[in-house]
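Q: There's a structure below that I have some questions on.
2 protein chains.
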Amino acid sequence: MEKPATIKDIAKRLNISLSTVSRALRNASDVNSDTKKAVMALSEELNYQPNKLALSLRQKQTHTIGVIVPNLDYVLSLMVRGIDEVALEAGFTVMVCQSNESFGREILNTRRLLESLVDGFIISVSSESKSFEHFKKIQERNLPVVVFDRVTPHLTAPSVRIDNEEGGFIATEHLIEQGYKRIAVLAGPENLGVSNSRMDGYLNALKKHKIKKDPALIVHCDFNQDYAYFATLELLAMKKRPDAIFTISDRMAIGAMLAIKKKGLRMPEDIGLVGFNNEPVTSLVTPSISSVDMPSFELGKAAAKLFIETMHNKENMDLEEKVLKPKLIIRESSQKLPIRK
Amino acid sequence: MEKPATIKDIAKRLNISLSTVSRALRNASDVNSDTKKAVMALSEELNYQPNKLALSLRQKQTHTIGVIVPNLDYVLSLMVRGIDEVALEAGFTVMVCQSNESFGREILNTRRLLESLVDGFIISVSSESKSFEHFKKIQERNLPVVVFDRVTPHLTAPSVRIDNEEGGFIATEHLIEQGYKRIAVLAGPENLGVSNSRMDGYLNALKKHKIKKDPALIVHCDFNQDYAYFATLELLAMKKRPDAIFTISDRMAIGAMLAIKKKGLRMPEDIGLVGFNNEPVTSLVTPSISSVDMPSFELGKAAAKLFIETMHNKENMDLEEKVLKPKLIIRESSQKLPIRK
DNA sequence: TTCAATTCCGGCAACGATACCGGCAACCAT
DNA sequence: ATGGTTGCCGGTATCGTTGCCGGAATTGAA
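Here it is in structure tokens:
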């Protein structure tokens, strides 16, 4: 019922001025140690908490970070936990908004967070976004922006991501080493950077092993289980069907798996499959699905750290680009050869 | 680079007073339509946005809701989306904190959100929490609190949840109807309300069908896949082992499934299994797992709606308790009899 | 004794916005 | 002509906090 105590209350009770109380409560220079003690004691007793709104208004800083993510699936929610961890430690509060992979929603979220006067943004872009003007508006206001996971070349900002090309490469090379010859790739929307990088890795692996790229084996489809299912059915209906599939996400791998099963094909004998993200579900299905693992939690932490650095350095900071390494987790869906010792 | 425009800027440019601008911008009563037009035009031109901090400070309302959840798994993140949806619509911003099922973290989150001067809370309690003093402190400050999903009798507040007892009941009765005789239940921690309610439903179903409750078949374990795995192994090692298991979450159902497979038993022939939550993974594993589905998104929306009502009515609002109905999704793990037409 | 340095503190303005009060015309009615 | 209403607007206090400035009291040294 009772209102939270303010500096004014303390001042009145001790019969001293606001300014003195204010000074006593923080840097404490220029104030008698007795009065300081008295102020401290009373503020303890009244359970005084400085009013964040007043503070923020005064010093034009809210100590709040706006985080925009396309969704909160397994991987992203881990990353957000990482961001949270570091941000809280550094005295920041985090406001998370989901764009639901929608461009319009992303703009809306940006606007709302700007209205909330966040001190900056940590962003993973939606798969639908082709324009990035709304993010550039943030930068025009001179607010720090860090992009993570889903980065895009169209936005000039410090970034944290995994080495997607490397991920695509090790996945594909693994399939090649297992003896698969016609390896297809199920990619995401064409404008999605991560998808393209993973595909580049795929192409590099083919090149390294002198396998000719076959455009028919490269399929773009929505970042989503159902689309992957139908896309895979089409792949399998080809005259010379692929004998392995690399999907750039586990969602899509699941869709592919269902299609492969539907066709009565066996993994890894008839067809190999490797996904991306190493979601827990990949180890639970039958057959278990090989997948490229990434350090999601660490990535989130790195993003928050980079944000805080950027915030402090602002101008003179070179556009740092932090890249973490993925690693391949081999499971039944692609383990054709016996394990070498 | 340029600072956002303020009311003062507009006033200066139009050579009128702050108050007039302020009035022109909102209720617009008591102000000449010409000056109103001028103000509107200029505010448009300067892209004026009212400063939320100043507003909040003045009217002692931040239009922000603090949401505390134990984690952001599939179900909860759906619920949070539901909360978001409704809250945004009503002009509220949502701050989500994860307690990671930790009591200490929950207290910390509560404190931080209070410091952020949120207007109220929407809470799903952590499985570890046995004391609720930190939440009561919120209520002492006269802030509205709504609990959802994981409710607890120890906290007097309006709530939204599904009918967990009903959920436990339909799951168990389904197993009985499929001909299973010795049905075990894998419950969560003893202080977790949802777990106990689901167990009550289980007991009710047994009673209705005149099956004697066997304490050996009631196992409490941590809300987690690994514990469920080991608990199930123990159950299966009994002399008179159960021929069906109802787990109060899908996580646990997965653990149970792995244990059952490990033992070389078949589902549904040797043993039946039903989980709770209807996470997507239940339909992907082999055999697919029957599960009690709940309207998570709807539940989140209902929680936010209830919060907003509570906020407006504050005092005289009876402690509303909204209960949504679950429904059983039958899959391979428990479908012993042929489907009846 | 006088002057300067030091220590400690209070007053005022400001951050951006709204609420309340009251003033000044213009108008109508008596 | 006088009084009251109405329409429109400006001034000021306020929310809780901090930064800046200047002043009083105490102290020390010359």
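Residue numbers (the working numbering), protein chains in the order written: chain A, 35 to 375; chain B, 35 to 375.
C-beta atoms are modelled at their ideal positions from N, C-alpha and C, and glycine is treated no differently.
#1: Would you decide whether P372(A) is buried or exposed? Buried here means 16 or more other CB atoms lie within 10 Å of its CB.
#2: Rounded to the nearest angstrom, how far is the Cβ of P302(B) from that of S368(B), given a contact under 8 Å?
#3: Suppose contacts are defined by Cβ-Cβ distances below 7 Å. Is I156(B) in contact with V101(B) by that definition?
#4: Look at the alpha carbon of R115(A) and the alpha carbon of S111(B), and state the distance between them as a whole number of angstroms.
#5: If you check the beta carbons only, do A287(A) and G306(A) fall under 7 Å apart?
#6: Along the chain, where does the alpha helix (DSSP H) containing N66(A) start, and where does it finish?
#7: So, is the C-beta of V319(B) closer than 7 Å to a C-beta in chain A?
#8: Verify the CB distance criterion: does L106(B) have a CB-CB separation below 7 Å to chain A?
#9: Give me the Cβ distance between L80(A) and I44(A), rounded to the nearest whole Å; I'm assuming they're in contact under 8 Å.
#10: To the nearest angstrom, how far is it from the Cα of F280(A) to the Cα of H208(A)?
#11: Helix, strand or coil: which one does DSSP assign to H254(A)?
#12: For T127(A), does the three-state DSSP call read helix, strand or coil?
#13: Is the beta carbon of L87(A) closer than 7 Å to that of S90(B)?
#14: List the residues of chain A that I288(B) touches, going by C-beta distances under 7 Å, in chain order.
#15: What does the alpha-carbon distance come out to for the pair D327(B) and E354(B)?
#16: Could you check what DSSP says for D277(A) in three-state terms: helix, strand or coil?
#17: For T344(B), list the residues DSSP reports as bridge partners.
#18: Applying a beta-carbon distance threshold of less than 7 Å, which residues of chain A neighbour A88(B)?
#19: Is it the case that the Cβ atoms of R184(B) and V159(B) are separated by a distance below 7 Å?
#20: Assuming M345(B) contacts G154(B) under a Cβ cut-off of 8 Å, what Cβ separation, rounded to an integer in Å, is found between them?
#21: Excluding five sequence neighbours on each side, which residues of the same chain lie with their C-beta closer than 6 Å to the C-beta of A336(B)?
#22: Do T98(A) and M74(A) come within 7 Å of each other at the CB atom, strictly closer than that value?
#23: Determine which residues of the stretch 214-225 of chain A have a Cβ less than 8 Å from any Cβ of chain B, and write them out in chain order.
#24: Taking only beta-carbon atoms, is D149(A) less than 7 Å away from chain B?
#25: Going along chain B, which residues have a C-beta under 7 Å from V130(A)?
#26: The ligand MN and A205(B): does any heavy atom of the ligand fall closer than 6 Å to the residue's C-beta?
#27: Are three or more beta carbon pairs between the stretch 228-243 of chain B and the stretch 262-274 of chain B nearer than 8 Å?
#28: Using the Cβ count rule (16 or more neighbours within 10 Å means buried), how would you classify S67(B)?
#29: Rounded to a whole number of angstroms, what is the C-alpha to C-alpha distance between G400(B) and D197(B)?
#30: Report the start-end ranges of each beta strand (DSSP E) in the stretch 101-167 of chain B that is 3 residues or longer and not cut off at the edges.
#31: Between the stretch 303-335 of chain B and chain A, which residues of the former have a C-beta closer than 7 Å to a C-beta of the latter?
#32: What runs of the alpha helix (DSSP H), each 4 residues or longer, lie entirely inside the stretch 213-254 of chain B?
#33: Would you report the Cα separation of L106(A) and N134(A), rounded to the nearest angstrom?
#34: State yes or no: is the C-beta of G235(B) within less than 7 Å of the C-beta of T186(B)?
#35: Compare the Cα-Cα distances from P329(A) to each of N61(A), A262(A), K359(A), H168(A) and report the closest residue.
#36: Would you mind sorting F182(B) into buried or exposed? The rule is 16 or more other CB atoms within 10 Å of its CB.
A: Quick answer:
#1: Translated into positions along the first sequence, residue 372(A) becomes position 338. With fewer than 16 other CB atoms across the displayed protein chains lying within 10 angstroms of its CB, P372(A) is exposed.
#2: Counting from one through the second sequence, the residue named residue 302(B) turns up at place 268. Counting from one through the second sequence, the residue named residue 368(B) turns up at place 334. About 5 Å; that satisfies the 8 Å criterion.
#3: Start at 1 with the first residue of the second sequence, and residue 156(B) comes out as number 122. Start at 1 with the first residue of the second sequence, and residue 101(B) comes out as number 67. It is a contact, given that the beta carbons lie within the stated cut-off.
#4: For this step, residue 115(A) is matched to residue 81 along the first sequence. For this step, residue 111(B) is matched to residue 77 along the second sequence. Between R115(A) and S111(B), the alpha-carbon positions lie close to 13 Å from each other.
#5: If you number the first sequence from 1, residue 287(A) lands on position 253. If you number the first sequence from 1, residue 306(A) lands on position 272. Taking 7 Å as the Cβ cut-off, A287(A) and G306(A) do not qualify as a contacting pair.
#6: Your numbering for residue 66(A) matches position 32 in the first sequence. No alpha helix (DSSP H) holds N66(A); DSSP gives it neither H nor E.
#7: As a first step, residue 319(B) must be located in the second sequence, where it is residue number 285. So yes, V319(B) belongs to the interface.
#8: Working through the second sequence from its first residue, we reach residue 106(B) at position 72. At least one chain A Cβ lies under 7 Å of L106(B).
#9: Here residue 80(A) refers to the residue found at position 46 when the first sequence is read from its first residue. Here residue 44(A) refers to the residue found at position 10 when the first sequence is read from its first residue. Right, their Cβ atoms sit about 7 Å apart.
#10: Within the first sequence, numbered from 1, the residue matching residue 280(A) stands at position 246. Within the first sequence, numbered from 1, the residue matching residue 208(A) stands at position 174. Cα-Cα distance, rounded: 10 Å.
#11: Working through the first sequence from its first residue, we reach residue 254(A) at position 220. Correct three-state label for H254(A): strand.
#12: Stepping through the first sequence from its first residue, residue 127(A) is reached at position 93. Looking at T127(A) - three-state DSSP - the assignment turns out to be strand.
#13: Along the second sequence, read from residue 1 onward, the residue named residue 90(B) stands at position 56. Along the first sequence, read from residue 1 onward, the residue named residue 87(A) stands at position 53. In contact: S90(B) and L87(A) (Cβ atoms closer than 7 Å).
#14: Within the second sequence, numbered from 1, the residue matching residue 288(B) stands at position 254. Those within 7 Å of I288(B) in chain A are L318.
#15: The residue given as residue 327(B) occupies position 293 in the second sequence. The residue given as residue 354(B) occupies position 320 in the second sequence. Looking at the two C-alpha atoms, the distance is approximately 23 Å.
#16: For this step, residue 277(A) is matched to residue 243 along the first sequence. If DSSP states are grouped into helix, strand and coil, D277(A) belongs with coil.
#17: The residue given as residue 344(B) occupies position 310 in the second sequence. Paired residues: none, contrary to the question.
#18: What you label residue 88(B) is simply residue 54 of the second sequence in a count that begins at 1. Chain-order list of chain A residues neighbouring A88(B): L91, by C-beta distance under 7 Å.
#19: By 1-based counting over the second sequence, the position of residue 184(B) is 150. By 1-based counting over the second sequence, the position of residue 159(B) is 125. Their beta carbons are under 7 Å apart, which means R184(B) touches V159(B) by this criterion.
#20: Here residue 345(B) corresponds to residue number 311 of the second sequence, with the count starting at 1. Here residue 154(B) corresponds to residue number 120 of the second sequence, with the count starting at 1. Yes, they are in contact, since the Cβ atoms of M345(B) and G154(B) sit about 6 Å apart, within 8 Å.
#21: Residue 336(B) sits at position 302 when you count from the first residue of the second sequence. Here the set comprises V194, K356.
#22: Position 40 of the first sequence, counted from the first residue, corresponds to residue 74(A). Position 64 of the first sequence, counted from the first residue, corresponds to residue 98(A). In this structure, T98(A) does not lie closer than 7 Å to M74(A) by Cβ.
#23: none
#24: On the first sequence, residue 149(A) is found 115 positions in, with the first residue counted as 1. What sits at residue 149(A) in the sequence shown is Glu, not Asp. Closer than 7 Å: yes.
#25: Here residue 130(A) is taken as the residue at index 96 of the first sequence, counted from 1. Result: V130.
#26: For the structure depicted, the ligand MN is absent and the ligand set is empty, with no information on it obtainable.
#27: These segments do not touch.
#28: Taking the second sequence and counting its residues from 1, one reaches residue 67(B) at position 33. Classification for S67(B): exposed.
#29: Outside the displayed span of chain B (35 to 375) sits residue 400(B), for which this structure offers no information.
#30: 127-132, 154-157
#31: V315, L318, V319, T320
#32: When DSSP assignments are scanned along the stretch 213-254 of chain B, the uninterrupted stretches of alpha helix (DSSP H) that are 4 or more residues long and fall wholly within it turn out to be 227-242.
#33: Working through the first sequence from its first residue, we reach residue 106(A) at position 72. Working through the first sequence from its first residue, we reach residue 134(A) at position 100. A direct Cα-Cα distance of roughly 9 Å separates L106(A) from N134(A).
#34: Residue numbering aside, residue 235(B) sits at position 201 when the second sequence is read from its first letter. Residue numbering aside, residue 186(B) sits at position 152 when the second sequence is read from its first letter. Result no, Cβ atoms of G235(B) and T186(B) do not sit closer than 7 Å.
#35: Numbered from 1 along the first sequence, position 295 holds the residue referred to as residue 329(A). Checked all of N61(A), A262(A), K359(A), H168(A); the closest Cα to P329(A) is K359(A).
#36: On the second sequence, residue 182(B) is found 148 positions in, with the first residue counted as 1. Per the 10 Å Cβ criterion, buried.
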